[in-house]
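Asker: Protein chains in written order, with my numbering: chain A, 1 to 113; chain B, 114 to 226.
For glycine and all other residues, C-beta sits at the position ideal for the given N, C-alpha and C.
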């Protein structure tokens with residue numbers, strides 16, 4: 001158990017809909033990262049927050065957004081969903097930013113039908 | 114830019130065989146290097162890490178040495194078990210960033226009894 005929790009574990013929704021994925025980092029970790037894992041793209045970094053502030057953006061679509069709250073949990077919002085958004089979404093956390101190891105949650109499997 | 118190149122799988126071995134999974138990298142400076150493992154149906158787990166040149170990371174019988182001269186971080190295990198069957202990812206923090214990871218494509222290992 002990494003100490004990172006993600007909910008829900010599975011999500012099935014229709015095209016055009018909006019969903020919210022939630023992540024709670026390990027106790028004491030200030031940095032949260034979101035990654036997308038799909039068969040064709042592999043593991044791709046989406047966005048990072050540190051202590052409530054956005055710090056880095058990767059290949060995140062404009063339809064996607066995220067935030068980190070004062071209690072350090074984070075939410076990833078995916079809107080106007082398309083079939084191609086079906087993937088595993090992982091949250092990871094680390095104590096700081098830079099060369100720190102990241103600890104991953106179990107992931108949320110999103111299926112868009 | 115920074116990148117990770119990992120040997121393609123799948124790799125199939127018999128129990129007690131020797132394992133090598135090659136990983137080479139291109140990076141700005143000398144970042145930490147990581148191996149993550151993903152067991153079927155689970156999230157990524159940090160397997161081992163090395164933070165500077167010539168460091169050897171080790172865990173659960175796996176080892177990898179940070180080789181600056183060959184820009185490599187190959188994963189090895191002397192005697193694999195069926196329980197080692199998983200996907201292995203080499204990773205490094207993107208240079209100049211806040212630490213978000215770049216992953217190799219992953220190598221699927223299957224160990225037969």
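What residues in its chain sit with their C-beta under 6 angstroms from that of residue 10/A, if we drop five residues either side in the sequence?
Answerer: 109
Asker: Could you have a look at residue 196/B and say whether DSSP puts it in helix, strand or coil?
Answerer: Residue state, collapsed to three classes: helix.
Asker: May I have the straight-line CA-CA distance separating residue 202/B from residue 148/B, to the nearest angstrom?
Answerer: 6 angstroms
Asker: Closer than 8 angstroms, Cβ to any Cβ of chain A: which residues of the region 145-165 of chain B, in chain order?
Answerer: 145, 147, 149, 155, 156, 157, 158, 159, 162 and 164
Asker: For the beta strand (DSSP E) containing residue 10/A, name the first residue and the last one.
Answerer: 10-13
Asker: When you compare the CB of residue 21/A with every CB in chain B, is at least one pair closer than 9 angstroms?
Answerer: False, the Cβ-Cβ gap to chain B never drops below 9 angstroms.
Asker: Are three or more beta carbon pairs between the region 97-108 of chain A and the region 152-169 of chain B nearer than 8 angstroms?
Answerer: yes
Asker: Just the C-alpha distance for residue 113/A and residue 207/B, rounded to the nearest angstrom, thanks.
Answerer: 34 angstroms
Asker: Could you tell me which chain A residues have their CB closer than 8 angstroms to the CB of residue 213/B, listed as they occur along the chain?
Answerer: 33, 45, 48, 56 and 58
Asker: Can you pull the DSSP bridge partners for residue 42/A?
Answerer: 38/A
Asker: What does residue 107/A reach in chain E if we use C-beta pairs closer than 7 angstroms?
Answerer: Absent from the structure: chain E. Protein chains present are A and B.
Asker: According to DSSP, is residue 110/A helix, strand or coil?
Answerer: strand
Asker: Counting only Cβ pairs nearer than 7 angstroms, list the residues of chain A close to residue 219/B.
Answerer: 42
Asker: Give the C-beta separation of residue 190/B and residue 174/B to the nearest angstrom, bearing in mind that I take them to be a contact with Cβ-Cβ under 8 angstroms.
Answerer: 5 angstroms
Asker: Would you mind stating whether residue 46/A and residue 96/A have Cβ atoms separated by less than 9 angstroms?
Answerer: no
Asker: Specify, as a first and last residue, the run of the beta strand (DSSP E) that residue 117/B falls within.
Answerer: 116-119
Asker: Return yes when the Cβ of residue 214/B is within less than 9 angstroms of the Cβ of residue 199/B, no when it is not.
Answerer: For residue 199/B and residue 214/B, no; Cβs fall outside 9 angstroms.
Asker: Just the Cα atoms here: how many angstroms apart are residue 71/A and residue 91/A?
Answerer: Those two C-alpha atoms are separated by around 16 angstroms.
Asker: Please confirm if residue 112/A has its CB atom under 9 angstroms from at least one CB of chain B.
Answerer: no
Asker: Residue 138/B lies in the beta strand (DSSP E); which residues open and close that run?
Answerer: 136-139
Asker: For residue 13/A, which residues from the same chain have a beta carbon less than 7 angstroms from its beta carbon, with the 5 sequence-adjacent residues on both sides left out?
Answerer: 19, 81 and 112
Asker: Could you tell me the boundaries of the beta strand (DSSP E) in which residue 51/A lies?
Answerer: No beta strand (DSSP E) holds residue 51/A; DSSP gives it neither H nor E.
Asker: Which residues, in order along the region 59-78 of chain A, keep a beta-carbon less than 7 angstroms from a beta-carbon of chain B?
Answerer: none
Asker: Which of helix, strand or coil does DSSP assign to residue 84/A?
Answerer: helix
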